[in-house]
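To convert, count from 1 in the sequence shown and add 139; that's the numbering used here. The structure appears below as structure tokens.
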Amino acid sequence: LVQARSWDESHRIVCAHPELLDRQAVVLLARLRDVAREQDESSAAVLFEEHRALLVQCQELGLVRAFADKLGCSIGDLAAGSGVAEQPSEVRELLQEMAREGVQLQSPDDLARVLRERPEWGERLQTLMNPLAGLPKEVQ
Numbered sequence: 140l141v142q143a144r145s146w147d148e149s150h151r152i153v154c155a156h157p158e159l160l161d162r163q164a165v166v167l168l169a170r171l172r173d174v175a176r177e178q179d180e181s182s183a184a185v186l187f188e189e190h191r192a193l194l195v196q197c198q199e200l201g202l203v204r205a206f207a208d209k210l211g212c213s214i215g216d217l218a219a220g221s222g223v224a225e226q227p228s229e230v231r232e233l234l235q236e237m238a239r240e241g242v243q244l245q246s247p248d249d250l251a252r253v254l255r256e257r258p259e260w261g262e263r264l265q266t267l268m269n270p271l272a273g274l275p276k277e278v279q
């Protein structure tokens, strides 16, 4: 994460590894920051602190909002650059429907929980992601 060349790359890394949003990652970055300060490595300390603060913001505001704020862009612009825009329009529509109903997806666990609570969304998503899913196995 701290070796990412841009905040956009950091966003992709955190999206791919939601375990980075755990408290342990924040604690580790704080320790690394403190060690860097003790060794007079101010640029490393700043780097660790920026990433630590961003992960805290992700925990408090949600991943998308925190990175949109960090990048100085709208949530829509961030989504457009993070692969959401590359999804089929029907998938984007389903995600927008979820957002309108107040659903905040910050991790794969959030998605799993929402799909358990709203099985009709799970069925739609499965059909959209695998259009052959509803066909007999011989046809698939």
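Using N, Cα and C, we set each Cβ at its ideal position, and we do this for glycine too. Just so it is clear, the structure is predicted and the values come from calculations on it, not from any experiment.
Cα separation between residue i and residue j?
i: GLU262; j: ASP179; result: 55 Å
i: ILE152; j: LEU140; result: 6 Å
i: LEU264; j: ARG252; result: 14 Å
i: CYS154; j: ASP249; result: 13 Å
i: PRO238; j: VAL203; result: Strictly speaking, residue 238 in this sequence is Ala, with Pro absent from that position. The straight-line gap from Cα to Cα measures roughly 12 Å.
i: ARG162; j: LEU254; result: 25 Å
i: GLN235; j: GLU188; result: 33 Å
i: ARG170; j: PRO258; result: 42 Å
i: HIS156; j: VAL166; result: 17 Å
i: GLY211; j: GLU256; result: 34 Å
i: GLU177; j: GLY241; result: 44 Å
In chain order, what residues of the same chain lie with their CB nearer than 7 Å to the CB of residue i, ignoring the 5 residues before and after it?
i: ALA183; result: ALA175
i: LYS209; result: TRP146, LEU193
Drop a sphere of 10 angstroms on the beta-carbon of residue i, count the other beta-carbons inside from all chains shown, and report buried for 16 or more, exposed for fewer.
i: SER149; result: buried
i: ARG172; result: buried
i: GLY222; result: In this predicted model, GLY222 has a pLDDT of only 48, less than 50, meaning its place in the structure is not dependable enough to derive any value.
Quick one: residues in its chain with C-beta nearer than 8 Å to the C-beta of residue i, no 5 flanking neighbours on either side, listed in chain order?
i: HIS190; result: LEU140, VAL141, SER149, LEU168
i: LEU233; result: TRP260, ARG263, LEU264, LEU267
i: LEU159; result: LEU140, ILE152, VAL153, LEU194
i: SER181; result: ALA175
Going by alpha carbons, who is nearest to residue i out of the options?
i: ARG144; options: ALA205, LEU160, LEU186; result: LEU186
i: HIS198; options: PRO258, GLU236, GLU240, ALA164; result: Residue identity differs from the one stated: residue 198 is Gln in this sequence, not His. When each option's Cα is compared against that of GLN198, the closest is ALA164.
Starting from the C-beta of residue i, find all residues in its chain whose C-beta is less than 6 Å away, skip the five residues before and the five after it, and write them out in chain order.
i: GLN196; result: ALA205
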